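What follows is a single structure, written as structure tokens, with notes after it.
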Amino acid sequence: MTLKPRKDLLDIASLTDDEIQFVLENAVSFKDLFKRSVKKVPPLRGQTVLTLFYEPSTRTRSSFEVAASRLSADVTHFDIESSSVVKGESVLDTVETLEAMRVDYIVVRHKQAGIPSLIAKNTRASVINAGDGWHAHPTQALLDAFTLQEIHKDLRGCRALIVGDIQHSRVARSTSLIFRRLGMQVAYLAPGSMMPREVPAEVPQFGNWHDALEWKPDVVYLLRVQSERLDEPFFPNAAEYHKHYGLTQERVEIIRERGLHLMHPGPVNRGVEITDAGMAYERSLINTQVENGIAVRMSVLYWLRPGAPLS
Amino acid sequence: MPKASRTLLTPAQMAESIADLAQKICEAHPAEEPIALAGIFTRGVPLAKRLAGELVKLGRPKPLVGTLDITQYRDDLSTFQMVPKLEGSEIAFDLDGLDVILCDEVIYTGRSVRAALDELYNFGRPKRVQLAVLVDRCGRELPVQPDFAALKVTLQPGERVAVRFQEVDPAGDSCIIESQPSSR
């Protein structure tokens with residue numbers, strides 16, 4: 003099987019089912035590499051991958067950097083803190099600079115939705131959205147789907163309960179979309195202030211764990227509580243959040259009894275959305291998600307092609 | 002547009018040729034030396050498996066068989082119009098110190114073999130690497146020659162050898178010359 007390359011990966015919504023399958027299936031081969039002593043393959047030899055993060059990130063950025071290195075690309079980081087961006091250079095000025103450097107792939111994260119798309123329209127390089135505002139985080143969604151597919155080969159009918167600040171989460175947006183595209187059922191558990199105003203009719207909304215667990219999920223997907231939001235009005239404080247919506251010791255016992263899997267995009271806030279016992283839970287997929295993130299990002303980089311026609 | 006084609010080997014002749022190849026390999030390798038076969042995707046894989054079967058029939062211990070998906074090692078990957086799906090390579094044994102025979106159904110330019118050698122060395126350091134092919138098609142672009150070949154042909158421009166194996170091709174075994182170049 004072959005597939006047409008795309009120039010950019012900006013969100014999940016614009017991917018076809020075949021494209022999603024292609025990325026997920028090739029990721030299996032990339033993950034196999036990790037068992038070998040030589041984990042490197044040559045398809046991006048001579049290509050430059052640049053990470054352009056306007057928002058701090060350690061995990062996603064290093065995941066992309068490891069993925070690109072394993073594909074033999076040259077990897078470089080555009081350091082925003084020390085760049086002229088802090089002196090007021092616009093995003094498009096920066097892109098022009100990168101264009102002149104002839105980088106081939108730009109991995110971008112920005113607090114404002116739509117910036118990766120704007121960059122993509124103004125460069126020949128392939129652009130990968132590594133998170134833009136509340137909009138999308140497509141590689142997170144792909145790695146989440148890949149991780150669950152390793153456990154349930156056919157995801158149709160599988161139920162995921164997403165817990166946390168859904169309204170302000172690009173992870174929730176992208177991941178729930180890909181889960182539903184793959185035939186899963188998704189439900190949300192969140193305080194009213196964190197529930198999106200518009201939720202698709204087929205997504206049940208719960209306000210407490212008891213009702214949510216009655217829905218019989220197969221996997222519990224905890225979102226990271228952004229600490230800066232905890233002080234905002236209408237948001238619970240950390241202790242309240244933990245008590246009502248966090249994965250407490252007691253709730254760990256319940257999901258253990260029911261054999262549910264546990265996911266989290268990281269980094270976790272211990273004592274807020276998850277307790278220490280949750281981190282040690284034997285059906286936690288959190289570390290697997292990290293490992294799979296590299297394989298899936300390799301698969302995305304392998305598929306995209308700089309200069310490919312926009313679709 | 003229909004392709005004109007002529008038969009190079011019938012299925013029965015294909016089977017004989019593979020048995021001949023196994024015989025040549027046996028003659029070149031002392032019985033006590035273990036042999037590993039590495040099939041190059043797609044059709045080097047069934048060839049390697051059949052050669053392994055023939056070697057057993059000749060009284061040899063069952064050879065180790067691995068597979069190599071050379072897609073990511075191809076020198077022309079970035080020029081493909083379409084991105085190939087990866088099959089994944091599998092060498093589930095220690096290569097160090099082994100005699101390894103790469104298997105492919107046809108050698109033509111030699112570029113696939115170059116890619117396969119590159120990949121093979123990421124799995125270990127074999128003692129010796131050789132190449133077995135069903136058809137040696139003239140037209141090398143690299144200094145690479147097969148050690149074992151059942152058949153050697155020179156084709157006209159626009160012709161190509163197409164070998165099919167029932168393990169991967171529903172229409173069954175065939176070895177033909179097609180008079181229209183493949184399009185990639």
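Protein chains in written order, with the working numbering: chain R, 3 to 313; chain U, 2 to 185.
C-beta: ideal position from N, C-alpha, C; glycine also.
All values reported here derive from a predicted model rather than from experimental measurement.
| Asked | Found |
| --- | --- |
| Do we get a CB-CB distance below 8 Å when we pair R:Asp95 with the residues of chain U? | no |
| Please compile the residues from chain U whose C-beta is within a distance smaller than 7 Å of the C-beta of R:Arg175. | What R:Arg175 touches in chain U: nothing, since even the nearest Cβ is about 27 Å away. |
| U:Arg112 to U:Val145, Cα distance in whole Å? | 9 Å |
| Measuring straight from C-alpha to C-alpha, what distance separates R:Thr50 and U:Asp70? | 24 Å |
| Kindly indicate if chain U contains any beta-carbon less than 8 Å away from that of R:Phe24. | yes |
| R:Phe237 by DSSP, collapsed to three states: which one? | coil |
| Which residues, in chain order, does the region 50 to 84 of chain U contribute to contact with chain R at a C-beta distance below 9 Å? | Asp70, Thr72, Gln73, Tyr74, Arg75, Leu78, Ser79, Phe81, Gln82, Met83, Val84 |
| Which residue from R:Gly261, R:Ile14, R:Asn271, R:His139 puts its Cα closest to that of R:Glu284? | R:Gly261 |
| Rounded to a whole number of angstroms, what is the C-alpha to C-alpha distance between R:Pro238 and R:Ile121? | 36 Å |
| Check whether the region 16 to 29 of chain U and the region 93 to 101 of chain U are in contact - that is, three or more C-beta pairs closer than 8 Å. | no |
| Beta-carbon within less than 6 Å of U:Ser211's beta-carbon, same chain only, minus the 5 sequence neighbours each way: which residues are those? | There is simply no residue 211 of chain U to check, as chain U begins at 2 and stops at 185 in what is shown. |
| Residues bridged to U:Lys153 by DSSP? | U:Asp137 |
| Would R:Lys325 pass as an interface residue toward chain U - the criterion being a Cβ-Cβ separation below 8 Å? | What the structure shows of chain R is the stretch from 3 to 313, and residue 325 of chain R is not part of that stretch, so it cannot be assessed. |
| Please report how far the alpha carbon of R:Val40 lies from the alpha carbon of R:Gly135, in whole angstroms. | 37 Å |
| Report the partner residues of U:Ile36 according to the DSSP bridge assignment. | U:Asp100 |
| Report the residue ranges of all alpha helix (DSSP H) runs contained in full by the region 67 to 140 of chain R; include only those spanning at least 4 residues, in chain order. | 93 to 102, 117 to 123 |
| I'd like the list of long-range same chain contacts for R:Thr250, defined as Cβ closer than 7 Å, with 5 residues on each side in sequence excluded. | His244, Thr277 |
| For U:Lys86, decide whether its Cβ has a neighbour in chain B, counting only Cβ atoms nearer than 8 Å. | No chain B appears in this structure, whose protein chains are R and U. |
| Alpha carbons only, please: which of R:Leu303, R:Phe36, R:Asp156, R:Ile180 is nearest the one belonging to R:Asp13? | R:Ile180 |
| Look at the alpha carbon of U:Ala133 and the alpha carbon of U:Glu160, and state the distance between them as a whole number of angstroms. | 22 Å |
| Under a three-way DSSP split, which group does U:Gly67 fall into? | strand |
| What does a CB cutoff of less than 6 Å around U:Ser180 pick up in its chain, not counting 5 residues either side in sequence? | Ala5, Glu160 |
| From what residue to what residue does the alpha helix (DSSP H) around R:Thr177 run? | 172 to 183 |
| Using a Cβ-Cβ distance cut-off of 8 Å, determine whether R:Val40 contacts chain U. | yes |
| Along the chain, where does the alpha helix (DSSP H) that runs through U:Ala16 open and close? | 12 to 29 |
| Have a look at R:Arg182 and R:Leu157 and give me their C-alpha separation to the nearest angstrom. | 9 Å |
| If you measure from the beta carbon of R:Ile129 to each beta carbon in chain U, is any gap under 8 Å? | Note on identity: in this sequence residue 129 of chain R is Val, with Ile being the wrong assignment. Output row for R:Val129: interface = no. |
| If U:Lys86 sits next to R:Phe24, beta carbons under 8 Å apart, how far is it from one beta carbon to the other, in whole angstroms? | 7 Å |
| So, is R:Ser119 buried or exposed, given that buried needs 16 or more other C-beta atoms within 10 angstroms? | buried |
| Please report the straight-line C-alpha distance between U:Leu9 and U:Ile177, rounded to a whole angstrom. | 5 Å |
| Could you pull out every residue in the same chain whose Cβ sits closer than 6 Å to the Cβ of R:Thr62, ignoring the five residues on either side in sequence? | Ala132 |
| Please list the partners that U:Phe124 has in chain R, where partner means a Cβ-to-Cβ separation under 9 Å. | Arg38, Ser39, Val40 |
| Report yes or no: do the region 184 to 196 of chain R and the region 149 to 167 of chain R share at least 3 C-beta pairs separated by less than 8 Å? | yes |
| In the DSSP assignment, find the unbroken alpha helix (DSSP H) run with R:Gln23 in it and report its ends. | 19 to 35 |
| Helix, strand or coil: which one does DSSP assign to U:Pro85? | strand |
| For R:Ala279, tell me which candidate among R:Leu94, R:Gly248, R:Leu54, R:Ala214 has the shortest Cα-Cα distance. | R:Gly248 |
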